[in-house]
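**Student:** Okay, handing you the structure first.
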Amino acid sequence: MTINLLDSNGRILKRRAAGFLAGESVLLFENRELASGVYVLEVADEQGKAFRQRVVLVK
């Protein structure tokens with residue numbers, strides 16, 4: 000599984016590749032260097048199926 004954080008232009012700012020067991024998982028991203036704004040969190044599996052969610056960061 001790959002987890003990406005993208006900016007509003009679609010550029011990957013952060014990327015994590017990890018294997019998760021079935022069930023609930025928690026993954027933390029450090030956001031100190033990110034400005035307030037709108038980002039996209041993308042989660043993709045090994046088959047290329049992806050889920051995207053808009054995230055608003057307010058500092």
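Numbered according to numbering that gives the first Met the number 0, the sequence shown spans residues 0 to 58. Using N, Cα and C, we set each Cβ at its ideal position, and we do this for glycine too. Note that the structure is predicted; figures quoted are calculated from it, not measured.
1. Please name the residue, chosen from N8, E23 and D44, that lies closest to R15 on a Cα-to-Cα basis.
2. For L56, count neighbouring Cβ atoms within 10 angstroms of its own Cβ and tell me buried if that reaches 16, exposed if not.
3. Distance check for L4 and R10, CA to CA, integer angstroms please.
4. Check K48 in the structure and name its three-state DSSP category.
5. Let me know the secondary structure DSSP gives K58 once reduced to three states.
6. Hey, which unbroken runs of the beta strand (DSSP E) at 3 residues or more fall wholly within the stretch 9-37?
**Tutor:** To lay it out plainly:
1. By alpha-carbon distance to R15, the top candidate from N8, E23 and D44 is D44.
2. In this structure L56 is exposed. Its beta-carbon is surrounded by fewer than 16 other beta-carbon atoms within 10 angstroms.
3. Rounded to the nearest angstrom, the gap between the Cα atoms of R10 and L4 is 8 Å.
4. Three-state result, K48: coil.
5. Looking at K58 - three-state DSSP - the assignment turns out to be coil, as it is neither helix nor strand.
6. As far as the stretch 9-37 is concerned, its whole beta strand (DSSP E) runs of at least 3 residues are 11-16.
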